[in-house]
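Here is the structure we will look at.
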Amino acid sequence: MSKVVVVDYGMGNLRSVAKAIEHVAPTAEVRVSSAAAEIMAADRVVVPGQGAMPDCMRELAARGLRDAVVRAAAEQPFLGICVGLQMLFGHAEEGNVMGLDILPGRVPRFPEAAMAAADGSRLKVPHMGWNQVHQAEAHPLWDGIADDARFYFVHSYYVEPQDPEVIAGSTHYGIPFTSAIARANIFAVQFHPEKSAQAGLRLLGNFMRWNP
Amino acid sequence: MLAKRIIPCLDVNAGRVVKGVNFVELRDAGDPVEIAKRYDDQGADEITFLDITASSDDRDIILHIVEAVASQVFIPLTVGGGVRQVDDVRRLLNAGADKVSMNTAAVNNPQLVADASARVGAQCIVVAVDAKQTSPGRWEVFTHGGRKNAGLDAIEWARRVESLGAGEILLTSMDRDGTRVGFDLALTRAVADAVGIPVIASGGVGNLQHLADGVTQGRADAVLAASIFHYGEFTVRQAKEYMRERGIEVRL
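Written out as structure tokens, the structure is:
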């Protein structure tokens with residue numbers, strides 16, 4: 002039986018992520034955990050995250066989970082969600098903090114000047130709601146999901162990877178931005194698959210079957 | 356492109372979905388979990404629960420409902436009604452809500468918006484603004500389900516809650532709520548243009564044209580309706596098809 006750990010560092014709606022995984026993988030053991038040993042022993046690791054990046058980085062360190070997450074990102078099938086994506090990168094504009102710096106790149110805020118729709122109305126920040134994800138490449142986690150399918154987003158910052166090779170999906174909101182990345186055992190998304198109805202559940206199911 | 360959202364709203368009283376007409380007469384409309392699943396199947400973009408339970412003894416029922424819905428419905432859930440302190444926000448989020456909406460408590464204690472936002476993030480905090488027109492071009496904020504004038508200009512209040520850390524505004528016209536004659540489009544447009552956070556238009560929807568108008572003329576980011584969906588007049592899917600035919604970006 003596959004054991005998946007949803008990393009609990011006090012930030013975000015962990016119950017929703019766990020419930021959605023239980024829904025798509027009823028035989029899997031789904032644990033919400035803040036124990037480093039349990040994270041390192043898991044078959045798969047999910048790092049969600051909501052709220053401000055500085056708080057997330059602080060809580061991760063305060064709970065002694067930084068090393069476990071870094072190791073998971075190096076070795077285990079790893080799914081990052083929202084801030085769980087952003088923290089993989091380097092400098093974050095939000096709070097002027099460093100992420101885990103596993104992937105080169107930065108995390109800027111949507112630029113005020115670009116936030117206008119075609120009709121002149123203002124594009125609101127946070128970027129909140131259902132937007133399309135263009136798949137940059139075939140990937141096992143996109144299996145059965147139509148290109149340009151809609152997922153649920155809620156965020157004000159986005160990742161800007163230095164290496165275009167890691168881009169697995171992109172989205173347009175005022176500007177084009179990277180909404181999914183993939184490298185080896187890592188897949189991470191800006192949107193919330195646990196809140197994205199059928200497309201999101203499919204992605205979580207794909208993750209549970211993925212053998213990178 | 357980002358889709359405009361359609362949000363069915365469920366008024367919940369002691370564990371059952373009801374819909375008031377002008378906030379007075381309550382009619383029973385069914386089981387919250389069943390109704391939420393039906394809306395999810397129809398393609399609802401989010402679901403909002405408004406807890407109108409009066410008795411404090413029954414306050415925790417909403418937590419059980421949120422838990423039950425969140426384990427079966429995988430779209431965003433917003434819950435409002437009776438939120439008084441940061442701890443209420445935490446409990447609702449822990450039960451599975453994605454966003455928590457507050458109205459009276461925010462007016463009485465604006466610091467609550469700032470405190471809750473700092474604690475759980477702006478993306479989880481919705482301020483519900485219930486507005487009534489008091490003179491041409493002026494709307495004032497009401498609390499206690501539309502019974503009490505807070506003496507605040509609705510547009511100024513919307514800007515204020517944005518600066519306090521609200522992530523979204525749920526704007527209800529108390530003049531239109533329950534009337535089925537359409538949104539107050541001037542109010543919606545004025546607030547949507549005044550703030551940089553998303554605005555949900557609410558109050559007065561009687562047909563699908565009203566929903567489209569809320570987006571095109573009111574410039575709302577999302578539209579909320581209750582009765583047109585509850586009694587099976589229209590499905591959420593029909594509403595989306597209608598809006599798409601009029602050139603509005605929707606998730607179908």
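Chains A and B are the protein sequences, given in the same order. If you number the first sequence the way our numbering does, the last residue is 213 and the count never jumps. If you number the second sequence the way our numbering does, the last residue is 607 and the count never jumps. Cβ coordinates follow ideal geometry from the N, Cα and C atoms, glycine included. Bear in mind that the values here come from a model prediction, so they are computed numbers and not experimental data.
1) Between Pro431/B and chain A, is the shortest Cβ-Cβ distance under 9 Å, so that the two count as touching?
2) If you draw a straight line from the C-alpha of Asn377/B to the C-alpha of Thr403/B, how long is it?
3) Just confirm the distance between the C-beta atoms of Ala69/A and Ile40/A, as a whole number of angstroms; I'd bet it's less than 8 Å.
4) Distance check for Glu95/A and Met54/A, CA to CA, integer angstroms please.
5) Using a Cβ-Cβ cut-off of 9 Å, state whether Phe364/B counts as contacting chain A.
6) Taking contact to mean at least 3 C-beta pairs separated by less than 8 Å, is the stretch 116-135 of chain A in contact with the stretch 146-165 of chain A?
7) Can you say whether Thr459/B is buried or exposed, counting buried as having 16 or more other CB atoms within 10 angstroms of its CB?
8) I need the straight-line Cα distance from Asp415/B to Gly436/B, nearest angstrom please.
9) Can you pull the DSSP bridge partners for Ala117/A?
10) Determine the direct distance from the alpha carbon of Arg16/A to that of Pro105/A, and round the result to whole angstroms.
11) Can you grab the Cα-Cα spacing for the pair Val379/B / Ala575/B, in whole Å?
12) What are the uninterrupted segments assigned as alpha helix (DSSP H) that are 4 or more residues long and contained completely in the stretch 513-562 of chain B, given in chain order?
13) Any idea what DSSP makes of Ser197/A, helix, strand or coil?
14) Less than 8 Å between the CB atoms is what I'm expecting for Val7/A and Val47/A, so what's the real figure, rounded?
15) Is it true that the stretch 464-478 of chain B meets the stretch 579-588 of chain B, where meeting means three or more beta-carbon pairs spaced less than 8 Å apart?
16) What span of residues does the alpha helix (DSSP H) with Tyr394/B cover, start to end?
17) Give the C-beta separation of Glu517/B and Val484/B to the nearest angstrom, bearing in mind that I take them to be a contact with Cβ-Cβ under 8 Å.
18) What residues of chain B sit near Gly81/A, judged by a beta carbon separation below 9 Å?
19) What do you reckon, are the CB atoms on Gly537/B and Asp568/B nearer than 9 Å?
20) Measure the alpha-carbon distance for Gly85/A versus Leu202/A and round it to whole angstroms.
21) Tell me the rounded alpha-carbon separation between Gly11/A and Glu600/B.
22) Between the alpha carbons of Ala36/A and Val190/A, how many angstroms are there, rounded?
23) Just the C-alpha distance for Met356/B and Gly170/A, rounded to the nearest angstrom, thanks.
24) Since Val578/B and Ile390/B should fall inside the 8 Å C-beta cutoff, what is the C-beta to C-beta distance between them, to a whole number of angstroms?
25) So for Ala63/A, helix, strand or coil by DSSP?
26) Val438/B to Val444/B, Cα distance in whole Å?
27) Determine the burial state of Asn207/A: buried for a count of at least 16 other Cβ atoms within 10 Å of its Cβ, exposed for fewer.
28) Please list, in chain order, all residues of the same chain as Trp211/A whose beta carbon is under 6 Å from its beta carbon, the five residues on each side excluded.
29) Identify every run of the alpha helix (DSSP H) within the stretch 47-112 of chain A, keeping only runs that are complete inside it and at least 4 residues long; order them along the chain.
30) With DSSP as the reference, label Val25/A as helix, strand or coil.
31) Terminal residues of the continuous beta strand (DSSP E) containing Tyr597/B?
32) Where Ala469/B and Gly520/B are concerned, what is the direct C-alpha to C-alpha distance, given to the nearest angstrom?
33) Where does Ser197/A land, buried or exposed, given buried means 16+ other C-beta within 10 angstroms?
34) Hey, is Asn207/A's beta-carbon within less than 9 Å of any beta-carbon in chain B?
35) If you follow the alpha helix (DSSP H) that Val605/B is part of, which residue opens it and which one closes it?
36) Report the residues of the stretch 466-478 of chain B with a CB closer than 8 Å to any CB of chain A, ordered along the chain.
So, from the data block:
1) yes
2) Low local confidence applies: a pLDDT of 39 at Asn377/B is under 50, so the model's placement there is unreliable, with the coordinate-based value given in what follows. So the two alpha carbons sit approximately 18 Å from each other.
3) 4 Å
4) 6 Å
5) Residue identity check: residue 364/B is Cys in the sequence provided, not Phe. No, because no Cβ of chain A sits closer than 9 Å to the Cβ of Cys364/B.
6) Yes: the two stretches touch, three or more of their Cβ pairs being nearer than 8 Å.
7) buried
8) 12 Å
9) Arg123/A
10) Rounded to whole angstroms, the gap between the alpha carbons of Pro105/A and Arg16/A is 31 Å.
11) Note on Val379/B: pLDDT 42, under 50, position unreliable in the model; the coordinate value appears next. Cα-Cα distance, rounded: 27 Å.
12) Whole alpha helix (DSSP H) segments, 4+ residues: 540-549.
13) coil
14) Correct: roughly 5 Å between the Cβ atoms.
15) The stretch 464-478 of chain B vs the stretch 579-588 of chain B: no contact.
16) Pro387 to Gln397
17) Not confirmed; about 11 Å, so no contact.
18) Chain order gives no chain B residues near Gly81/A, where near means a beta carbon separation below 9 Å; the closest approach is about 17 Å.
19) yes
20) 18 Å
21) 44 Å
22) 24 Å
23) 14 Å
24) Wrong, their Cβ atoms sit about 18 Å apart, outside the cutoff.
25) Ala63/A falls in the helix class under three-state DSSP.
26) 7 Å
27) buried
28) Pro78 and Pro141
29) 54-63, 67-76 and 84-87
30) helix
31) Unbroken run through Tyr597/B is the alpha helix (DSSP H), Val591 to Glu600; no beta strand (DSSP E).
32) 6 Å
33) With 16 or more other Cβ atoms from the protein chains shown falling within 10 Å of its own Cβ, Ser197/A counts as buried.
34) For Asn207/A, no Cβ of chain B is located within less than 9 Å of the residue's own Cβ.
35) Premise fails: Val605/B is in no alpha helix (DSSP H) and is neither H nor E.
36) Val475, Gly476, Ala477 and Gln478
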